[in-house]
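For the sequence shown, my numbering assigns the number 579 to the initial residue and increments by one for each residue that follows.
From the three backbone atoms N, C-alpha and C, an ideal C-beta is built for every residue, glycine too.
Everything numeric in this text was worked out from a predicted model, so none of it was measured.
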Amino acid sequence: MKTTLGRRAFVKTGACGFAGLATGTLLNFAATPLAAVAQQPSSQQGKTMTKEWQDTLTPEQIIALAKAGNQRFVKGERIERDYQQDVQATKNAQHPAAIILSCIDSRAPAEIIFDAGIGNIFNARVAGNFVDLDIAGSMEYACKVAGSKLVLVLGHTNCGAIKGAIDKVQLGNLTQLLEKLRPAVDALRDFPGEHNSHNKAFVDAVATKNVQLTLENIRHISPILNKMEQDKQIMMAGAMYNVGTGQVEFLS
Ligand SMILES: [Zn+2]
């Protein structure tokens with residue numbers, strides 16, 4: 579589905595949701611793992627996230643929807659949205675599919691790069707996308723109270739916070755923030771090349787390691803989320819966003 583989706587078709591399908599909730603979009607991915615999503619009852623397609631639909635989706639399907647949404651973003655095939663319609667549909671309750679922890683970087687707005695609508699995603703953002711107790715508490719609310727089934731830690735290429743941590747920048751409160759990212763820098767002490775912010779490969783490798791360490795930290799400091807993951811009620815995943823291509827690459 580291109581953005582040329584007509585107004586009449588838009589109203590009919592809704593075109594809300596984390597990804598291709600409109601039938602036509604899903605059909606474009608029929609040969610992919612998204613086929614499983616496409617097999618959902620038609621009554622659950624093309625609607626804003628509802629409690630019933632949230633209950634139906636599996637964490638794996640939510641990841642598939644996220645991947646499909648990012649592909650639409652990369653290809654310039656984003657779904658036309660009526661934000662006011664989203665506002666009306668979500669004014670009394672929210673049932674987001676996922677909580678995404680990402681950097682404050684202005685080039686990585688989650689709803690846009692995943693082609694999602696209002697009410698689809700909880701956002702936690704802090705420079706360097708690390709987790710602390712307050713963000714862990716936010717994640718626990720998202721998953722345990724509001725029913726989200728995916729915790730996604732999203733790092734990105736060319737990250738200024740990671741560069742600052744590598745170069746040991748000292749500036750006001752930023753100094754102690756960057757300390758939170760040092761474990762990722764220290765973990766790559768054997769990485770080839772110069773260990774400064776001019777080494778792009780090193781910067782992106784540290785950002786990737788930081789995503790992995792953040793996932794471990796979430797499991798460590800949140801017994802609630804850890805148990806939900808072990809019970810397969812939720813999934814935790816990491817990904818890297820490429821600010822040069824718009825592509826999100828999920829980490830295995
Ligand atoms: Zn960043």
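Nonlocal neighbours in the same chain, by C-beta distance under 8 Å from residue i, ignoring five residues either side
{"i": "Phe651", "result": "Ile690, Ile691, Phe692, Asp693 and Gly824"}
{"i": "Leu711", "result": "Ile799"}
{"i": "Val821", "result": "Asp683, Arg685, Ala686, His734, Thr735 and Asn736"}
{"i": "Phe828", "result": "Ile641, Lys645, Ala815, Gly816 and Ala817"}
{"i": "Ile812", "result": "Pro637, Cys721, Ser726, Lys727, Leu728, Val729, Leu803 and Met806"}
Residue closest to residue i, alpha-carbon to alpha-carbon, out of the options
{"i": "Ala817", "options": "Gly654, Gln632, Asn707 and Ile696", "result": "Asn707"}
{"i": "Val731", "options": "Gln632, Glu794, Glu630 and Gly647", "result": "Glu794"}
{"i": "Val665", "options": "Lys722, Val826 and Ile696", "result": "Ile696"}
{"i": "Met717", "options": "Met814, Phe828, Leu829 and Asn820", "result": "Met814"}
{"i": "Ile699", "options": "Gly750, Ser830, Lys787 and Ile677", "result": "Ile677"}
{"i": "Glu757", "options": "Ala739, Ala671, Ser830 and Asn804", "result": "Ala739"}
{"i": "Ile796", "options": "Val709, Glu658 and Ala724", "result": "Val709"}
{"i": "Asp568", "options": "Asn804, Lys778, Val723 and Gln808", "result": "Nothing in the structure corresponds to residue 568, since the chain is present only between 579 and 830."}
{"i": "Asn804", "options": "Arg656, Gly715 and Ala779", "result": "Gly715"}
With 16 other Cβ atoms within 10 Å as the buried cut-off, status of residue i
{"i": "Ile802", "result": "exposed"}
{"i": "Val789", "result": "buried"}
{"i": "Pro687", "result": "exposed"}
{"i": "Thr792", "result": "buried"}
{"i": "Glu630", "result": "exposed"}
Spatial distance of residue i from residue j (CA atoms)
{"i": "Ser800", "j": "Ala762", "result": "20 Å"}
{"i": "Gln748", "j": "Leu755", "result": "10 Å"}
{"i": "Gly733", "j": "Ile682", "result": "10 Å"}
{"i": "Cys771", "j": "Lys653", "result": "A small fix is needed here, since residue 771 is Gly in this sequence, not Cys. Looking at the two C-alpha atoms, the distance is approximately 34 Å."}
{"i": "Ala705", "j": "Leu679", "result": "10 Å"}
{"i": "Thr626", "j": "Leu728", "result": "17 Å"}
{"i": "Ala667", "j": "Asp660", "result": "11 Å"}
{"i": "Asn670", "j": "Gln662", "result": "14 Å"}
{"i": "Thr753", "j": "Leu759", "result": "11 Å"}
{"i": "Arg703", "j": "Ile713", "result": "9 Å"}
{"i": "Asp890", "j": "Ser830", "result": "Residue 890 is absent from the model: the chain starts at 579 and stops at 830."}
{"i": "Glu658", "j": "Leu635", "result": "23 Å"}
{"i": "Asn836", "j": "Pro637", "result": "Here the chain covers residues 579 to 830 and nothing more, so residue 836 does not appear."}
{"i": "Asn751", "j": "His773", "result": "24 Å"}
{"i": "Glu655", "j": "Ala779", "result": "30 Å"}
Cβ-based neighbour list, residue i, same chain, cut-off 7 Å, excluding 5 preceding and 5 following
{"i": "Val615", "result": "Note that Val615 has pLDDT 43, beneath the 50 cutoff, so the model's placement of it is unreliable and no number is given."}
{"i": "Ser775", "result": "Lys741, Ile744, Asp745 and Val781"}
{"i": "Lys787", "result": "Ala762, Ala765 and Leu766"}
{"i": "Ser726", "result": "Pro674, Ala675, Ala676, Ile677, Phe700 and Ala720"}
{"i": "Val784", "result": "Ile740, Ile744, Ala762, Val763 and Leu766"}
{"i": "Thr628", "result": "His673"}
Spatial neighbours of residue i in its chain, beta-carbon cut-off 6 Å, leaving aside the 5 residues before and after
{"i": "Val826", "result": "Asn648, Ala817 and Tyr819"}
{"i": "Lys810", "result": "none"}
{"i": "Glu807", "result": "Met814"}
Any C-beta of chain B under 7 Å from that of residue i
{"i": "Tyr719", "result": "The question asks about chain B, but that chain is absent: this structure has only one protein chain."}
Any chance you could list the beta strand (DSSP E) runs of at least 3 consecutive residues sitting entirely within the stretch 616 to 677, in chain order?
Contiguous beta strand (DSSP E) elements confined to the stretch 616 to 677 do not occur, taking only those with 3 or more residues.
Residue ranges of each beta strand (DSSP E) run of no fewer than 3 residues wholly in the stretch 703 to 751, ordered along the chain?
728 to 734
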